[in-house]
Amino acid sequence: CPASQRCECSEATGCDCEDGARGTGKNGIDSCTTGDDCASSLCVEGPSGTNVCSDQCTDAAGCTGSLPLCDAIAGIGMICVRQP
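Take 111 as the starting number for the sequence shown in the working numbering and just add one per residue.
This is the structure we're talking about:
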């Protein structure tokens, strides 16, 4: 999504860009409840069932903390994810 929008996702409809402010959570470091908590607007499942802010990436060098892998996710693109 453009920086002026955040990503809104649901199981039923997938993800869309919506107007609204983003949070300040950092990739692989900060926990989140929804994408609204994250600077990237992406909140994903982290290790041990917790949710962690994620971000787009091109390779693992752009991924940190509890989300060390860069992987392709259908409908979203390349983002940082946890170890399987």
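Glycine included, C-beta positions come from ideal geometry on N, C-alpha and C.
C-alpha gap between residue i and residue j, whole angstroms
i, j, result
"G156", "A184", "18 Å"
"D140", "G124", "23 Å"
"R137", "E121", "Looking at the sequence provided, one finds Asn at residue 137 rather than Arg. Their Cα atoms are separated by approximately 22 Å."
"G175", "S151", "17 Å"
"A131", "S114", "7 Å"
"T143", "C119", "12 Å"
"C111", "D169", "19 Å"
Contact set for residue i: own chain, Cβ-Cβ below 6 Å, skip 5 residues either direction
i, result
"V191", "L177, L179, D181"
"V154", "S164"
Sub-8 Å separation of residue i and residue j beta-carbons
i, j, result
"C127", "D147", "no"
"G145", "R116", "yes"
"G172", "A149", "no"
"I189", "D165", "yes"
Residue(s) in a DSSP beta bridge with residue i
i, result
"S141", "V162"
"L179", "V191"
Beta-carbon proximity list for residue i, same chain, < 7 Å, skipping 5 on both sides
i, result
"T160", "S141"
"D129", "Q115"
Contact set for residue i: own chain, Cβ-Cβ below 8 Å, skip 5 residues either direction
i, result
"C167", "C173, C180, M188, I189, C190"
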